[in-house]
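In terms of UniProt numbering, the sequence shown opens at residue 1 and continues consecutively. Accompanying notes for the structure given below.
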Amino acid sequence: MVEPPGDGFTGVVWEARPTERLARELTTGPGSVPMAEAASAWGRLAANFGAAVVDYDRIVAEIRGHWQSDRSDEVLERIARMRDWLLDAATAAGRNAAHAAEQAAAYEVARLAMPHIAEIAALEQAMHTVQAIGAAMGAPLVGAAADISADQDVAKAGAARVMRTYEAATEPLAMPWQQIEPPVLATGDALAGEQAAAAVAAESASAMPAVPGMPAMPNLAAFDMPRTLTGTRVQTVAQVARSTEFTALQASPAQTGTATGQAVPAAAGPAAAQSEEERVVRAGAADAPAVGEFEIDAGLDAAPAVLGGVETPPASGTASPA
1 MVEPPGDGFT GVVWEARPTE RLARELTTGP GSVPMAEAAS AWGRLAANFG AAVVDYDRIV
61 AEIRGHWQSD RSDEVLERIA RMRDWLLDAA TAAGRNAAHA AEQAAAYEVA RLAMPHIAEI
121 AALEQAMHTV QAIGAAMGAP LVGAAADISA DQDVAKAGAA RVMRTYEAAT EPLAMPWQQI
181 EPPVLATGDA LAGEQAAAAV AAESASAMPA VPGMPAMPNL AAFDMPRTLT GTRVQTVAQV
241 ARSTEFTALQ ASPAQTGTAT GQAVPAAAGP AAAQSEEERV VRAGAADAPA VGEFEIDAGL
301 DAAPAVLGGV ETPPASGTAS PA
């Protein structure tokens with residue numbers, strides 16, 4: 001007797017499909033291992049949510065014991081809603097773990113109850129053999145063919161029944177569930193304000209505006225520093241000393257006389273005017289060295305004597321201006 005087909009969530013009429021196809025589709029694949037792993041994962045998640053509920057209760061109890069104010073009860077009542085959500089999440093995870101475990105068990109039962117593919121293939125082969133030799137032998141094989149056909153009907157009905165049972169066991173997993181969002185305990189306005197203030201402070205620090213009334217610092221890299229005179233200045237002073245000595249030796253008494261009787265050195269001519277920036281005049285230098293014996297000391301001691309001072313007569317015995 002063939003049972004009437006039931007209306008499952010898949011909408012498949014199992015009796016209309018061949019027995020060999022039902023057996024092959026059920027037994028081919030990864031089996032119950034993924035469903036067992038899913039049940040284990042949901043169980044661990046439920047345990048973690050349960051531990052979170054215990055920790056949350058402890059934290060709320062500590063806050064309640066250390067904080068007493070006019071608003072404490074209101075705040076504690078508000079944050080207690082998170083505890084209820086954690087408890088609901090743990091319950092939902094445990095329920096999903098149970099469904100996955102039941103699905104794995106239902107698959108194993110269906111796999112064991114389903115006629116084996118080898119048996120179905122053997123019945124099919126026996127029926128073909130009887131039909132092939134039945135025409136030659138006549139009536140003696142008619143009874144054998146009827147028995148094989150009855151066995152095939154039993155296998156087909158059993159396979160369809162197994163699939164309907166398995167479909168009914170799988171239906172709870174086919175129904176989606178509603179996951180409730182966690183409650184909002186605090187808005188993100190305060191965090192957004194802090195982040196905006198930090199961004200403004202960073203931009204202000206990078207800009208670094210100048211203080212009013214204070215000039216901006218120039219670029220030192222573009223500033224052209226004057227170079228210090230070193231060896232060139234010393235060499236120029238030495239040339240001035242030589243020019244002074246040569247002029248003194250060639251000067252005549254008539255060229256040095258003045259109305260006041262003061263002696264004017266011959267270096268006061270164009271050569272002295274040209275190097276006036278390079279020499280330093282020291283008033284009252286009574287111990288100035290002779291013109292023939294000059295020393296190079298950064299352009300200071302090589303200057304000629306002061307106008308009107310007493311000059312030492314040269315060693316060559318030539319007449320010096322009075």
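Every residue gets a Cβ at the ideal spot worked out from N, C-alpha and C, and that includes glycine.
Local conformation of residue i per DSSP, three classes
i      : result
Ile180 : coil
Asp73  : helix
Gln68  : coil
Thr19  : helix
Ala186 : coil
Asp7   : coil
His116 : coil
Pro30  : coil
Met175 : coil
Val13  : coil
Pro265 : At Pro265 the pLDDT is 46, less than 50, meaning the model places this residue with poor confidence; the figure from the coordinates comes in the next sentence. Looking at Pro265 - three-state DSSP - the assignment turns out to be coil, as it is neither helix nor strand.
Asp297 : Low local confidence applies: a pLDDT of 46 at Asp297 is under 50, so the model's placement there is unreliable, with the coordinate-based value given in what follows. Asp297 falls in the coil class under three-state DSSP.
Residue i and residue j closer than 8 Å at C-beta
i      : j      : result
Ile120 : Ala155 : yes
Val60  : Leu76  : yes
Met114 : Gln152 : no
Met35  : Ala100 : yes
Leu26  : Ala106 : no
Arg81  : Pro183 : yes
From the options, residue whose alpha carbon lies closest to that of residue i
i      : options                        : result
Asn48  : Ala205, Arg71, Ala105, Ala93   : Ala93
Pro30  : Ala201, Glu108, Val53          : Glu108
Leu123 : Ala52, Glu20, Leu185, Thr165   : Glu20
Ala104 : Val33, His66, Asp7, Ile117     : Val33
Thr28  : Leu45, His116, Asp189, Ala197  : His116
Ala41  : Gln152, Ala98, Ala145, Gly158  : Ala98
Asp84  : Ser204, Glu194, Ile180, Ser206 : Ile180
Ala46  : Asn96, Gly65, Pro18, Val12     : Asn96
Asp147 : Asp70, Arg58, Gln131           : Gln131
Ala89  : Leu173, Ala51, Gly11           : Ala51
Asp7   : Ala192, Ala168, Ala118         : Ala168
Gly43  : Thr10, Tyr56, Asp70, Glu102    : Glu102
Gln178 : Thr91, Ala145, Gly193          : Thr91
Val12  : His66, Tyr166, Pro172          : Tyr166
Tyr56  : Ser72, Ile79, Glu74            : Ile79
Leu112 : Ser206, Asp70, Gly158          : Gly158
Phe9   : Leu173, Gln195, Ala190         : Leu173
With 16 other Cβ atoms within 10 Å as the buried cut-off, status of residue i
i      : result
Thr170 : buried
Arg164 : buried
Glu62  : exposed
Val162 : buried
Trp14  : buried
Leu22  : buried
Val53  : buried
Ala186 : exposed
Ala202 : exposed
Ala39  : buried
Glu37  : exposed
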